[in-house]
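Shown next, in structure tokens, is the structure this report addresses.
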Amino acid sequence: MEAFLDNCAKAIVAGDGGGAERLAGEALGSGLSLLQVIEEGFVRGIREVGRLWEEGEIFLPELVMGAEAMKKAMTVLQPALEGSDEAQESLGRIVIGTIEGDIHDIGKTLVATMLSANGFEVTDLGTDVPVARFIDEAEARNADCIAISALLTTTMNGQKRVIDELVKRSMRDKVKVMVGGAPCNEAWAKEIDADGYAGDAVSAVALAKGLAGKA
Amino acid sequence: MSVTPRISWFTEEDRKQIVDEAIRIIQEIGVFVENEEALGLLDGAGALVDRKKGRVFIKSSLVERALETVPKRIVVYDRHGEPVMDLGGDRIHFNPGSAALRIYDYGQGKARTPETADLRKFATLIDALPNYAAQSTGLVSGDVPEEVADRYRLYIALQHSTKPVVTGTFKVDAFRVMHEMLATVVGDQDALKEKPMAVFDCCPSPPLMWSDLTCQALIDCARTGIPAELVSMPLTGATAPVTLAGAVTQHCAENLSGIVIHQLASQGAPIIYGGSPACFDMRKGTTPMGAVETMMIDGANAEIGKHLGLVTHAYMGLSDSKLVDYQAGMESAMGAVVAAASGINNISGPGMLDFESCQSLEKLVLDHEICGMALRLSAGIELRDHPVALPLIAQGLEKKEFLSLPHTTQWYREEAYFPDSVIDRATLEEWELRGGKDAVMRAAERVEKLSADHTPEPLDEQSVAHLNELMEREAARYGMEKLPGAT
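This is the structure:
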């Protein structure tokens, strides 16, 4: 049991998607508590990945591989979990996208992957997302948080427009807004009245957890 | 004739392979095109257009045809129609980095949002500094609505320097207005087409994506004869293959697809093979301009561009440092020298800090000296006499010095570049006597003195009135009734 959970965690840390998928499959028929496999196995692994990143032990490629492996394991476990009486507590629903005028994908996708690997329900709207669509989707999905990426100095003002529009629609107190992307920083987030800024995918997870009161 | 010093990165065989693969990439994998007009042009020319996916597969014959019609030399003119940038061959030219959202305020010791007064000072300094062949719309003014910020930069630049402008649009509707501003300054649209006074940056998004804005800028440039400058920016291991050669190949594919769209809009229109690639930082997720590998990709890109017979560009001579310090100088100088030795025709970057996001006037003045030295380096070593030294050494030995030889007076100003006072070459005693200041302190003084002493040649009243009219109309569309500083 202990050894099995260790292997689950290790597969994530090693970024071994195939291994993670196989272990998740084994867990299904093993009679083990799936929640326990997730929490004490795979999630422990992804937390370790985050820790290694923060300590500068691993770099972006390993971080992405870890998150991808996590996704693979969860794709196997999620349906079984939904059909059982073991409910996994969601950390919250997040709608994420790159703002209109901007078709940069990579930073946003990495953040989305890490958020979902860490237990958030993430809807990725893709790139070049109009202001109204962020809000419409957040409303339709009853999202707790909107995460907006902007990679260009010329498009970052779109992040502000999303917030302005939320205020206009009297929704600002219902949904948190986090911003990120190369030209953004803490001061910018403050200036446009966002709830937070994250400089990388690992701190984005910490920020989202903080905003959800689940830190 | 001297030999132009050149760094070479590839064998002839390597260059061929890179170009062949680049052509295969846009033919077999295709490019993403967001703009209807560009899709129509490509469709009409026989490219395979998958409208559902927005992907276009460009046949190699289209690339070959485009390469045949692209000009191999592009001349850019100043306000008076004088040629000041003769782009082509191994001739190098510098202009400051463009579109900074922040300016480093030396007095306050931190970066802040630029305002109209900063834009004026920036243009005035560039006008005064001869090693900058062109100006750039290097600062985005925070005191006008963001919707008109692209136009406003040009509006200020055209009034405070006679130099040509490297610029670009942030919004699709800006081109028409910016084009009219330029035409106003040089006379009319025909004069502008004949003697272009601007270069417009058009930035594809890696990998291989052409946004609506970028396509439109390409097409608008082609139709009006304003040189378009492709700014492709593959990031190794993030938005492009991790290998430097892989990034160079993707860069080539992006540029070639842009050239095809551009030449389909108007055959023979001027376009520059360029970019702002970066060796992506896997620890910080940033795009270091000061990384030596970034400079290597830039130099290698130019080699491929030259191999294709094209005019070349790169973002070099800039730094990722957050203030003007050792790192800023080191990275900027390395980049400018690699650029010069790579024979890159249009080099954009001086003044810039913090990954192309922050301009510094002090750095602009210091970088000007880097550019002076790089230009000197690029000019190479000339054998001015035959024999080279033999009789001179005999004369010098006789006089026991060379200072008083007429030959010395004849050549010393041409043989050496004389840097401005921001570069210290004094003795220790003199340096102490002058206050023992470091380079940045000297630069800060130089900025104030230059901007106070130099008065750019004013633009004629009629043109100013028309520019005001254009800009006021644009600003009014977004709720600004009176322009900043207007009386």
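Protein sequences, first through last, are from chains A and B. Under my numbering, the first residue of the first sequence carries the number 1101, and numbering increases by one thereafter. Under my numbering, the first residue of the second sequence carries the number 1364, and numbering increases by one thereafter. For glycine and all other residues, C-beta sits at the position ideal for the given N, C-alpha and C.
Please go through the same chain and pick out, in chain order, the residues whose beta-carbon is closer than 6 Å to the beta-carbon of residue i, but skip the five residues on each side of it.
{"i": "A:Glu1286", "result": "Tyr1297"}
{"i": "A:Met1165", "result": "Gly1115"}
{"i": "A:Ala1109", "result": "Gly1141, Arg1144 and Gly1145"}
{"i": "B:Leu1437", "result": "The residue you asked about is not Leu; residue 1437 of chain B is Ile in the sequence shown. Taken in chain order, the residues that qualify are Leu1450, Pro1590, Pro1633 and Val1674."}
{"i": "B:His1670", "result": "Arg1378"}
{"i": "B:Gly1653", "result": "Ser1682, Asp1683 and Glu1694"}
{"i": "B:Glu1820", "result": "Thr1525"}
Output needed for residue i: all residues of its chain with C-beta closer than 8 Å, excluding positions within five of it in sequence on either side, in chain order.
{"i": "B:Tyr1495", "result": "Phe1457, Asn1458, Pro1459, Ile1489, Lys1526, Pro1713, His1731 and Cys1734"}
{"i": "A:Ser1270", "result": "none"}
{"i": "A:Pro1283", "result": "Ala1250, Leu1251, Leu1252, Thr1253 and Met1256"}
Using a Cβ cut-off of 9 Å, pull out every chain C residue sitting near residue i, in sequence order please.
{"i": "B:Thr1602", "result": "Any reference to chain C falls outside this structure, whose protein chains are A and B."}
Measuring straight from C-alpha to C-alpha, what distance separates residue i and residue j?
{"i": "B:Leu1517", "j": "B:Thr1500", "result": "6 Å"}
{"i": "B:Arg1747", "j": "B:Met1448", "result": "26 Å"}
{"i": "A:Phe1220", "j": "B:Thr1587", "result": "50 Å"}
{"i": "B:Met1697", "j": "A:Ser1190", "result": "51 Å"}
{"i": "B:Pro1769", "j": "B:Ile1667", "result": "45 Å"}
{"i": "B:Leu1571", "j": "B:Glu1617", "result": "5 Å"}
{"i": "A:Asp1228", "j": "A:Ile1146", "result": "30 Å"}
{"i": "A:Glu1200", "j": "B:Gly1407", "result": "29 Å"}
{"i": "B:Gly1417", "j": "A:Leu1210", "result": "24 Å"}
{"i": "B:Asp1506", "j": "B:Ala1512", "result": "9 Å"}
{"i": "B:Gly1393", "j": "B:Asp1683", "result": "33 Å"}
{"i": "A:Glu1126", "j": "A:Glu1182", "result": "17 Å"}
{"i": "B:Asn1709", "j": "B:Glu1844", "result": "38 Å"}
{"i": "B:Ser1711", "j": "B:Ser1461", "result": "8 Å"}
{"i": "A:Arg1122", "j": "A:Leu1163", "result": "20 Å"}
{"i": "B:Val1433", "j": "A:Gln1259", "result": "39 Å"}
{"i": "B:Ser1758", "j": "B:Arg1797", "result": "In the sequence as displayed, the identity of residue 1758 of chain B is Gln instead of Ser. So the two alpha carbons sit approximately 38 Å from each other."}
{"i": "B:Glu1777", "j": "B:Leu1766", "result": "15 Å"}
{"i": "A:Ala1315", "j": "A:Asp1244", "result": "15 Å"}
{"i": "B:Leu1822", "j": "B:Ile1370", "result": "42 Å"}
{"i": "A:Leu1105", "j": "A:Ile1203", "result": "40 Å"}
{"i": "B:Trp1774", "j": "B:Thr1657", "result": "37 Å"}
{"i": "B:Ala1752", "j": "B:Ser1365", "result": "16 Å"}
{"i": "B:Thr1487", "j": "B:Cys1584", "result": "27 Å"}
{"i": "B:Leu1760", "j": "B:Thr1772", "result": "17 Å"}
{"i": "B:Ala1580", "j": "B:Lys1534", "result": "9 Å"}
{"i": "B:Glu1824", "j": "B:Pro1493", "result": "26 Å"}
For the candidate residues the options, whose alpha-carbon lies nearest to that of residue i?
{"i": "B:His1852", "options": "B:Arg1788, B:Phe1485 and B:Asp1413", "result": "Coverage of chain B is limited to positions 1364 through 1850, which leaves residue 1852 of chain B absent and any answer about it impossible."}
{"i": "B:Asn1636", "options": "B:Gln1773, B:Phe1643 and B:Leu1450", "result": "With the sequence shown as reference, residue 1636 of chain B is identified as Tyr, and Asn is not the correct amino acid for it. Comparing Cα positions, the closest option is B:Leu1450."}
{"i": "B:Ser1814", "options": "B:Arg1483, B:Ala1601 and B:Asp1683", "result": "B:Arg1483"}
{"i": "B:Gly1472", "options": "B:Lys1685, B:Ser1720 and B:Thr1772", "result": "B:Lys1685"}
{"i": "B:Glu1391", "options": "B:Thr1657, B:Ser1423, B:Glu1375 and B:Thr1771", "result": "B:Ser1423"}
{"i": "B:Val1382", "options": "B:Pro1434, B:Cys1615 and B:Gln1552", "result": "B:Cys1615"}
{"i": "B:Ala1601", "options": "B:Ile1624, B:Arg1788 and B:Phe1643", "result": "B:Phe1643"}
{"i": "A:Ala1294", "options": "A:Asn1218, A:Gly1310, A:Ala1312 and A:Val1277", "result": "A:Val1277"}
{"i": "B:Tyr1903", "options": "B:Tyr1841, B:Tyr1678, B:Trp1774 and B:Leu1716", "result": "As displayed, chain B neither begins before 1364 nor continues past 1850, which places residue 1903 of chain B out of reach and without an answer."}
{"i": "A:Met1256", "options": "A:Ile1292, A:Asp1224 and A:Thr1213", "result": "A:Ile1292"}
{"i": "B:Leu1846", "options": "B:Thr1479, B:Leu1598 and B:Lys1763", "result": "B:Thr1479"}
{"i": "A:Asn1218", "options": "A:Glu1239, A:Gly1131 and A:Glu1148", "result": "A:Glu1148"}
Assuming residue i contacts residue j (C-beta within less than 8 Å), just tell me the rounded distance between them.
{"i": "B:Ala1737", "j": "B:Ala1691", "result": "In fact, because the Cβ distance is near 16 Å, the residues do not count as touching under 8 Å."}
{"i": "B:Ala1410", "j": "B:Leu1425", "result": "6 Å"}
{"i": "B:Ser1595", "j": "B:Pro1567", "result": "5 Å"}
{"i": "B:Ser1705", "j": "B:Ala1665", "result": "5 Å"}
{"i": "A:Ile1246", "j": "A:Val1222", "result": "Rounded, the Cβ-Cβ distance is 12 Å, inconsistent with contact."}
{"i": "B:Ala1520", "j": "B:Val1528", "result": "5 Å"}
{"i": "B:Thr1547", "j": "B:His1749", "result": "B:Thr1547 to B:His1749, Cβ: 52 Å. No contact."}
{"i": "B:Asp1575", "j": "B:Asn1398", "result": "5 Å"}
{"i": "B:Val1412", "j": "B:Leu1404", "result": "So it is not a contact: roughly 10 Å between Cβ atoms."}
Which same chain residues end up closer than 7 Å to residue i when comparing Cβ atoms and leaving out the 5 residues on each side of it in sequence?
{"i": "A:Gly1117", "result": "Glu1168, Ala1169 and Lys1172"}
{"i": "A:Gly1150", "result": "Val1302 and Val1305"}
{"i": "B:Ala1385", "result": "Thr1612, Cys1615, Ala1616 and Leu1619"}
{"i": "B:Glu1725", "result": "Tyr1469, Val1687, Val1803, Ala1806, Ala1807 and Val1810"}
{"i": "B:Leu1464", "result": "Val1503 and Ser1720"}
{"i": "B:Arg1539", "result": "none"}
Okay, do the segment 1434 to 1446 of chain B and the segment 1553 to 1568 of chain B touch, 3+ Cβ pairs below 8 Å being the bar?
Using a C-beta cut-off of 8 Å, the segment 1434 to 1446 of chain B makes contact with the segment 1553 to 1568 of chain B, since at least three inter-stretch Cβ pairs fall below that distance.
Between the segment 1261 to 1269 of chain A and the segment 1235 to 1242 of chain A, do at least 3 Cβ pairs fall closer than 8 Å?
Judged by Cβ distances under 8 Å, the segment 1261 to 1269 of chain A makes contact with the segment 1235 to 1242 of chain A, as three or more pairs qualify.
For the segment 1767 to 1786 of chain B and the segment 1798 to 1810 of chain B, state whether three or more C-beta atom pairs, one from each stretch, are separated by less than 8 Å.
A contact between stretches requires three or more CB pairs, one per stretch, nearer than 8 Å, and the segment 1767 to 1786 of chain B meets this requirement with the segment 1798 to 1810 of chain B.
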